[in-house]
Amino acid sequence: MLNPQQQAVVEHPGNRPLLVIAGAGTGKTTVMVHRVAELVARGADPHRLLLLTFTRRAAEELRCRVAAKLKLDVPLPWCGTFHSVAAKLLRRFATRLGRSPGFSILDESDSRDLLLHGLKEIISKPAQEDLPGKALLISIHSYMANTQQSLEDVLDQLAPRFAGVAESLRAVFERYRTLKIEANAYDYDDLLLGWLDLLRRPELKSDAFFDCIMVDEYQDTNIIQSNILLELCKTHRNITVVGDDAQAIYAFRGASVENILNFERQFPEVIRLKLEENYRSTQEILDAANALWGEAARGFQKELTAAKGAGVRPRLDVCRDEWDQAEKIVAAISEAWVRDHVPLREQAVLFRASNHSFRLEMKLNECRIPFKKYGGQRLADMAHAKDLLAFLRVHENPKDLPAWQRILAMLPGVGPASAGKLATLAANALLPHEALAAASLPKKAAACRGPFLDLLRTQFGDSNNTLELKDELDAILAYYEPLLPELYDFPEIRREGVREIATAALKFKSRRELLDELMTGDDSAVRNPARESDEFLTLSTIHSAKGCEWRRVHVMQLTEGGLPNGAAAKEDRKIEEERRLLYVAMTRAKEWLTLYQPLQREVKDQQGSHHERALPSRFLTPAVLAVLGGGGRDGRFSNPDARQAARAKLAAAAADPDELIYDYDEAPRRPPPPARPFRRY
DNA sequence: CTGCCTTAGATTTTT
DNA sequence: TCTAAGGCAG
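The structure is reproduced here in structure tokens:
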């Protein structure tokens with residue numbers, strides 16, 4: 017049942033822009049889903065509805081819920097992240113923009129490589145000027161794109177001491193731009209800029225596609241995205257945006273909370289509605305969130321009140337060190353599962369950075385507790401996945417220089433330099449397989465030469481148009497798998513990963529669809545393939561947890577350097593964003609919230625590692641601590657019956673029933689297999 | 001000049 | 001564990 021405020025949002029007529037300020041847990045997604053249903057009931061065409069979100073995960077969630085509500089067999093075609101919708105539209109109109117529809121999408125590491133490639137071309141080796149380092153160079157470029165500011169303005173804000181070399185930087189960025197065009201590739205920022213460019217073409221009616229636009233998490237949009245929205249509803253004004261300034265956590269990408277204020281300026285006739293009643297959490301949890309928000313440097317007055325009433329007080333659990341933290345979390349989760357019958361699905365562990373969960377993942381593996389991890393490494397970032405995708409990319413877009421470079425550098429004896437030359441050769445050739453067959457390869461590569469050229473002939477030869485995705489993947493694997501021992505330290509793990517991707521890839525109808533889904537869509541089904549069961553625990557970065565909720569939530573690493581993150585500690589603005597991050601984490605909990613503060617941190621050194629004292633997070637102020645319950649017993653099972661029951665239940669779910677379940681006193685100390693293959697770009 | 005091996009140093013968040 | 005960077009060999 018919807019409350020009157022929610023009902024007002026659902027029934028708001030489509031002819032005026034609507035701004036919904038929705039606090040955490042106020043039923044935002046539910047309201048959006050109902051509103052879509054209402055619009056469709058009033059005759060709107062689902063194919064002309066555009067639903068935009070910020071993260072892949074939120075898009076997936078919204079898509080599923082709308083499909084369930086509308087009982088659609090096929091989900092809404094235009095529900096996705098800004099980037100995925102942009103990619104889809106750009107493919108359709110690529111020729112108008114002077115691109116071919118098979119363009120490649122460059123991820124962060126591809127664009128980094130290409131930018132540095134441009135840098136090397138422009139700047140002679142003994143650099144005469146004092147130039148920014150690579151990391152800074154990349155952040156300058158990205159910040160420029162995301163905030164739409166001039167190079168001078170960005171330098172002024174990020175690196176004033178490099179104002180003098182602006183002209184050289186401009187030349188490098190320009191070269192990068194032409195390199196992307198030559199490679200027929202878009203980086204992530206280009207997808208948004210390209211969409212905006214498309215909308216501003218006079219020959220195209222910018223609002224011809226969509227009758228109604230809805231945007232979730234509006235506080236996280238950046239200036240390009242808000243400009244896109246402005247163009248999309250130039251005439252019809254049928255736009256709904258939903259946001260909450262307390263949950264703005266993407267300023268680092270150029271997102272600005274000011275967009276919410278600007279929205280009212282851009283659409284003067286806007287109706288502003290508020291959702292204030294929280295249906296998610298107990299009052300105790302909201303008291304803690306309110307206490308935290310009360311200490312924010314600035315922000316709108318915000319007091320969440322619970323419709324649900326009272327419950328259990330949230331706790332702070334002080335732990336000896338990070339191993340102790342992992343054990344306590346595992347204990348609390350097992351106990352909840354067994355004693356309180358809280359399914360794993362209803363529990364989550366949240367953290368600031370994906371490496372925080374390392375020890376916890378080991379413990380969970382030891383105890384055979386199934387989990388899915390969200391955030392951090394994406395599938396398409398893993399080296400072997402990128403290798404595999406590179407073969408598909410060059411077939412889709414033979415001009416894809418970074419992909420060629422990657423493929424060629426796999427050959428023994430071929431390093432970055434000769435890979436670059438060969439890649440240029442292949443990318444510029446009409447028939448890449450013949451160009452490379454004619455090129456000379458180093459002696460060391462002799463053994464690979466035959467199979468390599470065979471693969472290329474399969475992909476680029478006469479019969480390439482009838483090549484099925486499955487057969488192509490088989491051919492790639494046949495060539496690629498034997499290379500793994502040469503390329504990586506743990507080839508077996510890589511091989512497993514590659515096979516999993518190849519299997520998951522069969523779901524897709526075409527190569528292009530597969531590539532788009534992995535680059536801009538939701539890859540969690542491919543990423544966590546082994547867990548078919550419904551019963552799994554969620555581990556997630558706080559960023560990826562936004563929009564989700566669980567009955568029990570555990571927030572890790574409440575230390576200085578953990579949360580707030582160490583890199584953020586210097587700037588007040590960044591600290592405020594860290595505070596909002598914790599706010600988001602806490603407000604995910606429905607009935608049970610525990611924060612964990614390890615007292616020590618493990619530091620790597622020459623001998624191995626030693627422990628250092630870790631300070632408590634600055635967010636654990638007296639005001640916040642006052643509403644948190646403290647310490648108490650640690651999470652061990654308090655009676656033998658519970659322990660027995662835990663074993664029984666865990667055993668039923670475990671893959672191998674003979675293996676031991678949870679009891680860290682008796683747990684075997686052998687290291688479990690890594691949760692996932694290691695990273696390498 | 002290129003490739004490969006060794007060693008030192010690092011380690012956010014997302015598309 | 002991974003990456004960048006520096007030294008050495010081809």
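Here our numbering runs 16 ahead of the position in the first sequence, where the first position is 1.
Note that the Cβ used here is the ideal one computed from N, Cα and C, for glycine as well.
Spatial neighbours of residue i in its chain, beta-carbon cut-off 6 Å, leaving aside the 5 residues before and after
i            : result
valine 273   : Gln235, Asp261, Ala264
arginine 649 : Its pLDDT being 36, under 50, arginine 649 is placed unreliably by the model, and the measurement read from it follows with that caveat. Around arginine 649: no qualifying Cβ.
glycine 645  : Arg329, Arg331
proline 428  : Lys460, Ala461
lysine 290   : Ile37
glycine 96   : Ala75
arginine 617 : Glu628, Ala630
Own chain, CB closer than 8 Å to residue i, minus 5 neighbours either side, in chain order
i                 : result
glutamine 282     : Ser242, Leu246
leucine 615       : Val334, Cys335, Arg336, Asp337, Arg629, Ala630
lysine 486        : Leu522
phenylalanine 119 : Leu106, Arg107, Ala110, Asn200, Ala201, Tyr202, Asn413
arginine 589      : Ala267
alanine 24        : Leu289
Residues that residue i bridges to, as DSSP identifies them
i              : result
cysteine 249   : Paired residue(s): none; cysteine 249 is not in a bridge.
histidine 157  : None, per the DSSP bridge assignment.
serine 556     : Leu366, Tyr390
arginine 617   : Glu628
tyrosine 495   : Answer by DSSP bridge pairing: none, since tyrosine 495 is not bridged.
asparagine 238 : Ala271
threonine 321  : Glu293
glycine 645    : Arg331
Nearest residue (CA-CA) to residue i, options the options
i                 : options                        : result
glutamate 77      : Glu516, Ala521, Gly537, Ala601 : Gly537
methionine 426    : Glu377, Pro414, Leu457, Glu450 : Leu457
aspartate 123     : Phe178, Gln393, Leu291         : Gln393
arginine 604      : Lys586, Ser556, Asn581         : Ser556
phenylalanine 279 : Met48, Gly259, Leu609          : Gly259
alanine 364       : Asn381, Val36, Ile345, Lys290  : Ile345
glycine 41        : Ala83, His627, Gly563          : Gly563
arginine 384      : Pro501, Asp478, Leu553         : Leu553
alanine 461       : Lys437, Val430, Asn162, Arg361 : Val430
leucine 248       : Thr237, Ala323, Ile239, Lys221 : Lys221
arginine 511      : Ala520, Tyr496, Lys525, Arg596 : Tyr496
phenylalanine 635 : Val619, Lys620, His627, Gln613 : Gln613
alanine 601       : Arg288, Cys80, Ile301          : Ile301
threonine 251     : Glu533, Glu233, Gly270, Phe225 : Phe225
histidine 99      : Arg79, Leu35, Leu68            : Leu68
proline 231       : Ala74, Cys80, Asp303           : The sequence given here places valine at residue 231; proline does not occur at that position. For the residues Ala74, Cys80, Asp303, the minimum Cα distance to valine 231 belongs to Ala74.
asparagine 162    : Thr237, Ala642, Arg112, Val358 : Thr237
isoleucine 701    : Asn371, Leu167, Asp532         : Here the chain has residues from 17 to 697 only, and residue 701 is not among them.
serine 373        : Ala326, Lys104, Leu360, Phe387 : Phe387
isoleucine 276    : Leu35, Thr482, Tyr599, Trp566  : Leu35
tryptophan 566    : Gly30, Leu574, Leu609, Ala439  : Leu609
phenylalanine 506 : Ala445, Ala561, Phe407, Ala399 : Ala399
lysine 150        : Leu167, Asp129, Leu209, Gln164 : Asp129
Limits of the beta strand (DSSP E) - the one that residue i falls within
i              : result
alanine 38     : 34-38
isoleucine 139 : Premise fails: isoleucine 139 is in no beta strand (DSSP E) and is neither H nor E.
methionine 230 : 228-231
valine 334     : 331-335
Sequence-distant residues of its chain with Cβ nearer than 7 Å to residue i (five each side left out)
i             : result
alanine 342   : Arg375, Leu376, Lys379
aspartate 126 : Pro418
alanine 491   : Leu471, Thr474
proline 148   : Ile156, Ala175, Phe178
histidine 63  : Pro93
valine 26     : Leu18, Val47, His50, Arg51, Glu54
Endpoints, the alpha helix (DSSP H) within which residue i is located
i                 : result
threonine 536     : 527-536
threonine 69      : Looking at the DSSP string, threonine 69 is not in any alpha helix (DSSP H); the run it does join, the beta strand (DSSP E), is 65-69.
phenylalanine 374 : 374-382
glycine 513       : 507-521
proline 20        : 20-27
threonine 45      : 44-57
aspartate 356     : No alpha helix (DSSP H) holds aspartate 356; DSSP gives it neither H nor E.
proline 501       : 500-503
Length-filtered (4 minimum) alpha helix (DSSP H) runs lying within the segment 384-463: The segment 384-463 contains these whole alpha helix (DSSP H) runs: 399-412, 417-425, 432-444, 448-454.
Inside the segment 548-613 only - beta strand (DSSP E) runs reaching at least 3 residues: With a minimum length of 3 residues, the continuous beta strand (DSSP E) runs that stay inside the segment 548-613 are 553-557, 566-571.
Whole beta strand (DSSP E) elements within the segment 255-314, 3-residue minimum: Those beta strand (DSSP E) runs which fall completely within the segment 255-314 and span 3+ residues are 255-259, 287-291.
Ranges of the alpha helix (DSSP H) found wholly within the segment 76-127, counting only runs of at least 4: DSSP runs (the alpha helix (DSSP H)) wholly in the segment 76-127: 98-109.
Runs of beta strand (DSSP E) lying entirely within the segment 164-226, each at least 3 residues, in chain order: Within the segment 164-226, the complete beta strand (DSSP E) runs of at least 3 residues are 201-203.
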